[in-house]
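Chemist:
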Amino acid sequence: MEIYLVGGAVRDKLLGLPVGERDWVVVGATPQQMLDLGYRPVGKDFPVFLHPETGEEYALARTERKTGPGYTGFEFHADPDVTLEEDLRRRDLTINAMAEDAEGNLIDPFNGREDLDAGLLRHVSSAFAEDPVRILRIARFKARFARWGFKVAHGTHALMKRMVESGEVDALVPERVWAETLKALSEDRPVEFFEVLRRCGALAHVFPELDRLFGVDQPAHAHPEIDTGVHCLLVLEQAARLSPDPRVRFAALVHDLGKCGTPEAELPRHIGHEARSVELIEGMCARLKIPNEYRDLARLVARHHSQCHRALELRPASVHDLLDSLDVFRRPERLELFLLACEADHRGRAGREDAPYPQADYLRTAFTAASAINARELVEQGLSGPAVGERLRERRIAAVREVKQRYP
Numbered sequence: 463m464e465i466y467l468v469g470g471a472v473r474d475k476l477l478g479l480p481v482g483e484r485d486w487v488v489v490g491a492t493p494q495q496m497l498d499l500g501y502r503p504v505g506k507d508f509p510v511f512l513h514p515e516t517g518e519e520y521a522l523a524r525t526e527r528k529t530g531p532g533y534t535g536f537e538f539h540a541d542p543d544v545t546l547e548e549d550l551r552r553r554d555l556t557i558n559a560m561a562e563d564a565e566g567n568l569i570d571p572f573n574g575r576e577d578l579d580a581g582l583l584r585h586v587s588s589a590f591a592e593d594p595v596r597i598l599r600i601a602r603f604k605a606r607f608a609r610w611g612f613k614v615a616h617g618t619h620a621l622m623k624r625m626v627e628s629g630e631v632d633a634l635v636p637e638r639v640w641a642e643t644l645k646a647l648s649e650d651r652p653v654e655f656f657e658v659l660r661r662c663g664a665l666a667h668v669f670p671e672l673d674r675l676f677g678v679d680q681p682a683h684a685h686p687e688i689d690t691g692v693h694c695l696l697v698l699e700q701a702a703r704l705s706p707d708p709r710v711r712f713a714a715l716v717h718d719l720g721k722c723g724t725p726e727a728e729l730p731r732h733i734g735h736e737a738r739s740v741e742l743i744e745g746m747c748a749r750l751k752i753p754n755e756y757r758d759l760a761r762l763v764a765r766h767h768s769q770c771h772r773a774l775e776l777r778p779a780s781v782h783d784l785l786d787s788l789d790v791f792r793r794p795e796r797l798e799l800f801l802l803a804c805e806a807d808h809r810g811r812a813g814r815e816d817a818p819y820p821q822a823d824y825l826r827t828a829f830t831a832a833s834a835i836n837a838r839e840l841v842e843q844g845l846s847g848p849a850v851g852e853r854l855r856e857r858r859i860a861a862v863r864e865v866k867q868r869y870p
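Whatever position you read off the sequence shown (first residue = 1), add 462 for the working numbering.
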């Protein structure tokens with residue numbers, strides 16, 4: 463029985479990055495031998511075990527054969543005769559198909575180290591085309607490693623395009639789409655994920671609402687980049703600069719979805735796009751089973767980002783009502799997420815990447831002043847029923863009015 467460290471741990475070690483989870487492959491063993499050594503079985507489709515002390519995953523070397531569409535259509539074969547090279551051949555990218563033995567020697571049958579040094583994301587074999595999730599994974603790796611100049615190999619890109627054209631990408635299930643998207647949103651350059659998907663044609667199948675934004679014009683005076691799809695990717699880029707929170711990044715990305723439904727006669731203006739955006743966000747989130755906390759923030763940013771941009775022009779009562787609509791008096795943590803996404807939108811325009819956004823500071827200050835007034839004080843003063851809410855609103859508006867005097 464031989465044990466090898468495999469996959470991402472080997473790759474990241476070679477890159478000089480911190481190694482997180484470590485995965486191991488066991489060659490020449492049977493499930494019973496693993497049980498006899500105290501390993502705990504956890505794999506349902508193929509033999510995977512947890513180490514009795516470290517809890518790390520140890521998988522028996524295996525091969526796989528395509529039996530149906532999608533990422534679940536596989537038949538696995540685990541046997542003591544399966545070699546390490548056969549196990550590595552089934553992996554997605556050459557940089558993920560390296561192993562290290564107990565002495566620290568690198569086993570690299572598919573030249574992963576060479577591709578790592580060249581900054582290439584290259585598929586191991588034609589078996590890559592059998593699993594549509596690999597399109598999402600390679601896009602996610604591009605988002606992770608783009609800062610080091612990594613690129614998708616030409617042959618791999620061509621293979622991804624053929625997978626889309628053959629309909630294999632349509633077998634992706636919502637849970638896997640969102641799982642990979644969430645990881646990508648948390649990477650260093652999440653924009654790369656969506657750009658890779660668009661270049662190979664997968665974006666139109668996975669995120670059709672986003673894909674339809676490309677080619678939709680906006681007023682040049684407000685959006686020098688003109689194209690709405692380009693704008694949304696610029697906004698995501700700015701959101702990644704401003705915040706590591708994937709909720710902010712997702713809300714920033716989808717805030718203008720409704721512009722794809724603007725009647726042609728109204729272009730390049732987009733009257734009422736906010737409400738259309740909310741509707742499309744709800745549909746996307748339902749289809750991909752996106753968690754409510756992502757949906758809720760995205761809806762708020764889509765519906766209210768235009769008001770946020772005009773905050774310094776709004777009357778104090780309107781500022782109060784905006785804060786109330788965001789429900790930040792009950793959920794104060796929501797305000798900062800909202801403001802970050804709106805600031806990303808403001809900066810996500812060609813040539814305006816470092817533009818100041820005093821609206822955010824104004825709304826933070828206005829909220830602090832307004833939230834200092836609470837209903838309990840009014841009740842203690844003898845008010846009750848609807849009078850409490852009316853007086854609370856009046857006093858909070860007055861607090862906002864005092865703040866506004868400090869902002870020209």
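Each residue gets a CB set at the ideal place from its N, CA and C atoms; glycine is no exception.
Using three-state DSSP, classify T525 as helix, strand or coil.
Modeler: strand
Chemist: What are the boundary residues of the alpha helix (DSSP H) that includes V865?
Modeler: Taken as a continuous stretch (DSSP letters only), the alpha helix (DSSP H) holding V865 covers P848 to K866.
Chemist: Tell me where the alpha helix (DSSP H) around F712 begins and ends.
Modeler: P708 to V716
Chemist: Would W610 and I752 be called neighbours here (beta carbons separated by less than 7 Å)?
Modeler: Cβ distance not < 7 Å, so W610 and I752 don't count as in contact.
Chemist: Return the chain-ordered ranges of every alpha helix (DSSP H) run that is complete within the stretch 778 to 810 and spans a minimum of 4 residues.
Modeler: 778 to 787 and 795 to 809
Chemist: Cα-Cα, which of C722, T724, Y756 and L578 is closest to L647?
Modeler: Y756
Chemist: Measuring only the C-alpha atoms, how far is G723 from C662?
Modeler: Each residue's CA atom was taken as its position, placing G723 and C662 some 24 Å apart.
Chemist: Hey, could you find the ends of the alpha helix (DSSP H) L467 is sitting in?
Modeler: For L467, no alpha helix (DSSP H) segment is defined; the enclosing uninterrupted segment is the beta strand (DSSP E) at E464 to V468.
Chemist: What residues match up with F538 in a beta bridge as DSSP calls it?
Modeler: E526
Chemist: Give me the Cα-Cα distance between A812 and R599, rounded to the nearest whole angstrom.
Modeler: 29 Å
Chemist: The beta strand (DSSP E) with F511 in it runs from where to where?
Modeler: V510 to L512
Chemist: Evaluate contact between the stretch 584 to 592 and the stretch 543 to 551, counting only Cβ atoms and requiring at least three cross-stretch pairs below 8 Å.
Modeler: The stretch 584 to 592, when compared against the stretch 543 to 551, does touch it at the 8 Å Cβ threshold.
Chemist: Taking the continuous alpha helix (DSSP H) assigned at D577, which residues delimit it?
Modeler: G574 to A580
Chemist: In whole angstroms, give me the CA-to-CA distance for Y819 and V487.
Modeler: 52 Å
Chemist: When you compare only the Cα positions, how much space is there between M463 and P503?
Modeler: The alpha-carbon atoms of M463 and P503 are separated by roughly 17 Å.
Chemist: Among the candidates Q700, V595, V489 and A831, whose CA atom is the shortest distance from the CA of P778?
Modeler: A831
Chemist: Is R502 helix, strand or coil when you go by DSSP?
Modeler: strand
Chemist: In whole angstroms, give me the CA-to-CA distance for H539 and K721.
Modeler: 49 Å
Chemist: Scan the stretch 637 to 712 and note each continuous alpha helix (DSSP H) run of 4 residues or more that stays entirely inside, going in chain order.
Modeler: 653 to 662, 665 to 668, 670 to 673 and 690 to 704
Chemist: Would Q680 and G810 qualify as a contact pair, given that the criterion is a beta-carbon distance under 7 Å?
Modeler: no
Chemist: Alpha carbons only, please: which of D758, R863, A837 and K866 is nearest the one belonging to E852?
Modeler: A837
Chemist: Taking C-beta to C-beta, are A605 and F655 nearer than 7 Å?
Modeler: yes
Chemist: As a quick exercise: from P670, R731 and A727, pick the residue whose alpha carbon is nearest that of A684.
Modeler: Looking from the CA of A684, the closest CA among P670, R731 and A727 belongs to R731.
Chemist: Does the stretch 843 to 850 come close enough to the stretch 796 to 811 that 3 or more CB-CB pairs lie under 8 Å?
Modeler: Per the Cβ contact rule, the stretch 796 to 811 is not in contact with the stretch 843 to 850 (fewer than 3 Cβ pairs under 8 Å).
Chemist: Ends of the beta strand (DSSP E) at D549?
Modeler: Annotation: D549 is outside any beta strand (DSSP E); the continuous alpha helix (DSSP H) that includes it extends over L546 to R551.
Chemist: Which one or two residues does DSSP pair with D485 in a beta bridge?
Modeler: V468 and E519
Chemist: Can you tell me the Cα-Cα spacing of P542 and P509, whole angstroms?
Modeler: 12 Å
Chemist: What does a CB cutoff of less than 7 Å around R575 pick up in its chain, not counting 5 residues either side in sequence?
Modeler: Same-chain partners within the cutoff: L476, M560 and L568.
Chemist: Could you name the residues of the same chain whose beta carbon sits closer than 8 Å to that of H767, not counting the 5 residues immediately before and after it, in chain order?
Modeler: H717, E736, A803, C804 and D807
Chemist: Look up A561 in the DSSP assignment and give the residues it is bridged to.
Modeler: V468 and I569
Chemist: Which residues mark the beginning and the end of the alpha helix (DSSP H) in which K623 is found?
Modeler: H616 to S628
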